[in-house]
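K.L.:
Could you have a look at this structure, given as structure tokens, before my questions?
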Amino acid sequence: MNIPGDLKYTEDHEWIRVEGSVGYVGITDHAQHELGDIVYVELPEVDMEVEKDEEATSIESVKAAAPVNSPVSGKIVEVNEDLEDEAELINKDPYEAYIFAVELSDPSELDDLMDADAYKEFLEK
Amino acid sequence: MLKRTVLYDVYKDYDGVKLIDFGGWELPVNFEAGIIGEHMAVRENAGLFDVSHMGEITVEGETAETFINWLVTNDVASMHDNQCMYSPMCYPDGGVVDDLLVYRYSRVKYLLVVNASNIEKDYKWISEENEWIKKSSSKPDLENISGKMSQIAFQGPKAVDYMKELVGAEAAQIKFFHFRDDLKIAGKSAIISRTGYTGEDGFEIYIANEDAADVWNTLYQSTRDRGVIPCGLGARDTLRFESKLPLYGHELTKDISPLEANLSYFVKLEKDDFCGKDALVSQKENGIPRSLRGCEMVDRGVPRAGYTVHLNGEEIGFVTSGTKSPMLNKFLGLVLVKRGLGLKTGDEIEVAINGKLKKAKLVKTPFYKNT
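So the sequence lines, in the order shown, correspond to chains A and B. Here the first sequence is numbered in this note's numbering, starting from 83 and rising by one per residue. Here the second sequence is numbered in this note's numbering, starting from 10 and rising by one per residue.
The following block contains the structure:
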């Protein structure tokens, strides 16, 4: 299972990559594998305010829909429009295919998230 | 504790196998190729499915034909030996107990193949609860042999070529919806029918539990170098969906009549008395309330079972099944909607997805047909 060292992780299998004051959010390799073939991503609206651990949007596999929670609070500033036509990019490269980007309103929330080692341990539990 | 088929031990260690709880059975939803990969393999080549969870009930005796013909809506009396027939089986009110395959060995010996999730309900209905069996003084012998039988579905346009190699020319000569019970596969006795649930040519192979692993391994090991792959229930569902084959619990339930599900071809209203006849005749005469149609999303979204369907904002029905079609690359749904609204192909409807009405249009079904 691919778990890059430079990202932070949630127990709901989202990852976040922080660049300055913006965090890019996607789902982990484990999550895409569990979901199987992803066929649809509902992109959230830009400028929408999200709260930490709140459902920000959903993605759907052939079989079912799954929520994607925001790992942090803030404002959605960007969405990955490539996923509109190619949802399967998440299966191909889950760490390249971010879903949305959040401008962090409280960077200290990042401290609650797991690093790669902790997430790896979490998966093995 | 989940039930397992005897083939579980064969494929539980296959690469990429993902097991799920399917109505109390631990079964693969997909293997390494994933649902879409498996779907394509069956459309283009062939795939193997473990469908041993399906139920088998034998009916034998002088009254077997009369009884089954009363029990189901299709015309069993018109069958000849070694033929298979699809039929709904209805309650007196026209709702559906189950849909099943009838195999006729002879006028006095039949095999009924029923849905896994309905085995207990069906057997109780067939052996005790229906009016015919309650009143009859000469009942046929009934046995639920589901626990002794395994079933492998070998589906796809090339399955016939592989079966010719493995079983012989006789297998390839079995006509659509016919079967043989005197052929061997991997040296084991089998019932082999030219049937399936994918919209493709193919076979369903019934064997005793103790022979299932040998038959599966023979089928798989001798064809995998040509691209045959094991397939899970996920692809089984998307394949049957594209071909508009009904799934009990979705397109058919105790609250949906076979006429509403557009299965009138399998409901012979002109035959002698059968269970549900009065209700179905009355439905036909007074207007069938609903119709099963196909829709394609115009707005972005995936129509899923249970979502409500609207026309100009007014609720007119619900989605029975929906997904992204792997062959057509479109978001499609089967919808059960009110009749008499003048709806035709191309007309716009709406599907409520997460509280928002999303545009869709009616399209012809089946969504996909192998030419």
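All C-beta atoms, glycine included, are put in the ideal place defined by N, C-alpha and C.
Can you list, in chain order, the residues of the stretch 169 to 196 of chain A whose Cβ is nearer than 9 Å to any Cβ on chain B?
P.N.:
Taking 9 Å as the Cβ-Cβ cut-off against chain B, the residues of the stretch 169 to 196 of chain A that qualify are A169, E170, N173.
K.L.:
Could you check if Y274 of chain B is buried or exposed, using at least 16 other CB atoms within 10 Å of its CB as the buried criterion?
P.N.:
Exposed.
K.L.:
So, is the C-beta of E163 of chain A closer than 9 Å to a C-beta in chain B?
P.N.:
No, E163 of chain A lies away from the interface with chain B (no Cβ there is under 9 Å from its Cβ).
K.L.:
Measuring CB to CB, does M49 of chain B end up less than 9 Å from Q160 of chain B?
P.N.:
Cβ atoms of M49 of chain B and Q160 of chain B: not closer than 9 Å.
K.L.:
Touch check for the stretch 194 to 201 of chain A and the stretch 166 to 176 of chain A: three-plus C-beta pairs under 8 Å?
P.N.:
Contact fails: fewer than three Cβ-Cβ distances are below 8 Å.
K.L.:
Would you list the one or two residues that DSSP bridges to S202 of chain B?
P.N.:
The partner list for S202 of chain B (beta bridge, DSSP) reads B:F188, B:E213.
K.L.:
From B:I297, B:L254, B:Y132, B:K280, pick the residue whose C-alpha is nearest to that of G331 of chain B; which is it?
P.N.:
The shortest C-alpha separation from G331 of chain B is found at B:L254.
K.L.:
With L352 of chain B as the anchor, note down where its beta strand (DSSP E) starts and where it stops.
P.N.:
No beta strand (DSSP E) contains L352 of chain B, which DSSP labels as neither H nor E.
K.L.:
State the start and end residues of the unbroken beta strand (DSSP E) segment that holds W34 of chain B.
P.N.:
First-last of the beta strand (DSSP E) with W34 of chain B: 34 to 39.
K.L.:
Quick check on V123 of chain B: buried or exposed, where buried means 16 or more other Cβ atoms within 10 Å of its Cβ?
P.N.:
With 16 or more Cβ atoms within 10 Å of its Cβ, V123 of chain B is classed as buried.
K.L.:
I'd like to confirm the pairing. Which residues does DSSP put opposite K27 of chain B in its beta bridges?
P.N.:
DSSP, once it has assigned bridges, lists B:N39 as partnering K27 of chain B.
K.L.:
Give a yes or no on whether the C-beta atoms belonging to F78 of chain A and Y106 of chain A are separated by under 9 Å.
P.N.:
The structure shown does not extend to residue 78 of chain A, since chain A is modelled only from 83 through 207, so no value can be given for it.
K.L.:
If distances are taken between C-alpha atoms only, which option among B:S202, B:V51, B:V60 comes closest to M94 of chain B?
P.N.:
For M94 of chain B, the nearest C-alpha among the options comes from B:S202.
K.L.:
Does any residue of chain B bring its CB to less than 9 Å from the CB of K90 of chain A?
P.N.:
Judged by the 9 Å Cβ criterion, K90 of chain A is not in contact with chain B.
K.L.:
If you measure beta-carbon to beta-carbon, which residues of the stretch 12 to 35 of chain B are closer than 8 Å to chain A?
P.N.:
Going along the stretch 12 to 35 of chain B in chain order, one finds K27 with a Cβ nearer than 8 Å to chain A.
K.L.:
Given that A113 of chain A touches chain B, what residues does it touch there, using C-beta distances under 8 Å?
P.N.:
Result: empty, since nearest Cβ-Cβ is about 13 Å, beyond 8 Å.
K.L.:
Taking 9 Å as the CB-CB limit, is K4 of chain B close to chain A?
P.N.:
With chain B represented from 10 up to 380, any question about residue 4 of chain B goes unanswered, as that position is not in the structure.
K.L.:
Do the stretch 275 to 283 of chain B and the stretch 113 to 120 of chain B make contact, defined as three or more Cβ pairs closer than 8 Å?
P.N.:
Verdict: no, contact absent.
K.L.:
Please name the residue, chosen from B:G349, B:K365, B:C304, B:A314, that lies closest to A146 of chain A on a Cα-to-Cα basis.
P.N.:
Selected option, being the one with the closest Cα: B:A314.
K.L.:
In chain A, which residues lie less than 9 Å from I183 of chain B when you measure between Cβ atoms?
P.N.:
What I183 of chain B touches in chain A: nothing, since even the nearest Cβ is about 32 Å away.
K.L.:
Return the residues of the stretch 118 to 133 of chain A that lie within a Cβ-Cβ distance of less than 8 Å from chain B, sorted by chain order.
P.N.:
Here the close residues are G118, D119, V121, Y122, E124.
K.L.:
If the criterion is Cβ atoms closer than 9 Å, does the pair S152 of chain A and E166 of chain A meet it?
P.N.:
Not in contact: S152 of chain A and E166 of chain A (Cβ atoms no closer than 9 Å).
K.L.:
Rounded to the nearest angstrom, what separates A244 of chain B and F31 of chain B at their Cα positions?
P.N.:
Rounded to the nearest angstrom, the two C-alpha atoms are 14 Å apart.
K.L.:
Against chain A, with Cβ distances strictly below 9 Å, would V51 of chain B count as a contact?
P.N.:
No, V51 of chain B lies away from the interface with chain A (no Cβ there is under 9 Å from its Cβ).
K.L.:
Determine the direct distance from the alpha carbon of A113 of chain A to that of N68 of chain A, and round the result to whole angstroms.
P.N.:
Look at the range of chain A in this structure, 83 to 207, and you will see that residue 68 of chain A is not part of it.
K.L.:
I need the boundaries of the alpha helix (DSSP H) containing H115 of chain A, first residue and last residue.
P.N.:
Note, H115 of chain A: alpha helix (DSSP H), 111 to 117.
K.L.:
Tell me whether the stretch 107 to 126 of chain A and the stretch 326 to 346 of chain B touch, counting them as touching only if at least three CB pairs, one residue from each stretch, are closer than 8 Å.
P.N.:
Segments in contact, yes.
K.L.:
Can you give me the C-alpha to C-alpha distance between M158 of chain B and T67 of chain B, rounded to a whole angstrom?
P.N.:
Distance between the alpha carbons of M158 of chain B and T67 of chain B: 12 Å.
K.L.:
Could you spell out the range, first to last residue, of the beta strand (DSSP E) harbouring Y171 of chain B?
P.N.:
Careful: Y171 of chain B lies outside any beta strand (DSSP E), inside the alpha helix (DSSP H) at 168 to 175.
K.L.:
Counting only beta-carbon separations shorter than 9 Å, does G211 of chain B have a partner in chain A?
P.N.:
No, G211 of chain B lies away from the interface with chain A (no Cβ there is under 9 Å from its Cβ).
K.L.:
Where does the unbroken alpha helix (DSSP H) through A200 of chain A begin, and where does it stop?
P.N.:
Note, A200 of chain A: alpha helix (DSSP H), 198 to 206.
K.L.:
Within a Cβ cutoff of 8 Å, which residues of the same chain sit near D308 of chain B, ignoring the five residues on either side of it in sequence?
P.N.:
Only K367, K368, A369 meet the Cβ criterion.
K.L.:
Mark R233 of chain B as exposed unless 16 or more other C-beta atoms lie within 10 angstroms of its C-beta, in which case mark it buried.
P.N.:
Exposed.
K.L.:
Would you list, in chain order, the members of the stretch 92 to 104 of chain A that have their beta-carbon closer than 8 Å to a beta-carbon of chain B?
P.N.:
Residues: none.
K.L.:
Less than 9 Å separating the beta-carbons of K148 of chain B and I154 of chain B?
P.N.:
In this structure, I154 of chain B does not lie closer than 9 Å to K148 of chain B by Cβ.
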